[in-house]
Every structure is written in C-alpha cells, then in structure tokens.
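In this note's numbering, the protein residues as written are 3 to 128.
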Amino acid sequence: SFIQSHKAIREQNGQWRVSVKKSKPILGIAIEGGVNVPSQTQPRIISIHSSGAAIECGDLHVGHILLEVDGRTTANLNHDQVAQMIAHAYYNTPHKDFIEFLVREKSRNEFDLRRSSFMLLNNSFE
C-alpha cells in the first residue's frame, strides 16, 4: 500500500496543516498548555525529541500552537485531554499511517506588533 510521506500545506491566517508519517516508534513532541492552564490556554509544542517522527518531518516547530489533531479541535480541552488525543492518534489508529496537525505560530504580543509596524513605517521613508 502507498504510504504518505510527511507534508505541510499552508492555509489561511498563517496556519499550516502538517502530516507526520508514523515512521518512528515515537512521535516525539512535548506540549504545554490547555484550557486548564491560565498562562497557556492553547496547547503549544515545547520540545521535539531527536529520535521521533516529528523531527524527521521537519515542519513542526517549538512554539507551534496545536489547533487540531486529525481534524479534531483542541479548543476547550485540558492538557491531559490534548495529550491523550495525540497519543491515541499516533499509537491507536493502525489504519492510518500518518497523524495530521493544524498548527499556527505563537502570536506576537502587541508591543512586538507595534514595534514591527513602526519599523516598517520608518523604512518606507528611507
């Protein structure tokens, strides 16, 4: 049977749909956050293990916010629920040879946005 390789498709709003082939015994990402974590209500990748499928994919990065796992939203899920969803999708779906994430970059704070727009205004007068 044809095995899909890793791929990433750019979507609107700076989001990426990333398919990670189940090419290694472990996926190899660590996440923080969830609806039960006031400082990080959306799950975010905090590390990528050197021997997992995620690093081989090359399109998942530390700081990515996980919006969906295999088409299921992570909104309003706590940390454990998101971790269980990822584990189930990677280890307990033998009929699928990949796991799919919808991710986006961690949004910059307002100060960074103001500073970068100020820099753009300055540069336009040079």
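Think of the CB as a built atom: it goes at the ideal place given N, C-alpha and C, for glycine as much as any other residue. Small disclaimer: the values here were computed from a predicted structure and weren't measured.
Spatial distance of residue i from residue j (CA atoms)
i, j, result
"N15", "L104", "12 Å"
"Q17", "L68", "10 Å"
"R19", "R106", "9 Å"
"A10", "L62", "9 Å"
"I47", "K108", "10 Å"
"V64", "Q83", "20 Å"
"T38", "L79", "The displayed chain sequence assigns Asn, not Thr, to residue 38. One C-alpha to the other measures close to 8 Å."
C-beta atoms of residue i and residue j nearer than 8 Å
i, j, result
"G36", "I50", "no"
"S7", "E102", "no"
"K24", "D99", "yes"
"I57", "V71", "no"
"I28", "G54", "yes"
"P45", "H90", "no"
Buried or exposed (CB count within 10 angstroms, at least 16 for buried), residue i
i, result
"G73", "exposed"
"P40", "exposed"
"P96", "exposed"
"R12", "exposed"
"Y92", "buried"
"S119", "For S119, the predicted structure reports a pLDDT of 47, less than 50, and the residue's modelled location is therefore unreliable. A value from the coordinates is still provided. S119 comes out exposed."
Backbone secondary structure at residue i - three-state DSSP
i, result
"I57", "helix"
"I11", "strand"
"Q17", "strand"
"A91", "helix"
"V22", "strand"
"A85", "helix"
"I28", "coil"
"S49", "strand"
"R116", "Since pLDDT at R116 reaches only 49, below the 50 mark, its modelled position is unreliable, and the value read off the structure follows with that caveat. It is helical."
Expected contact under 8 Å - CB spacing of residue i and residue j to nearest Å
i, j, result
"I33", "A77", "Contact doesn't hold; Cβ gap of about 15 Å is too wide."
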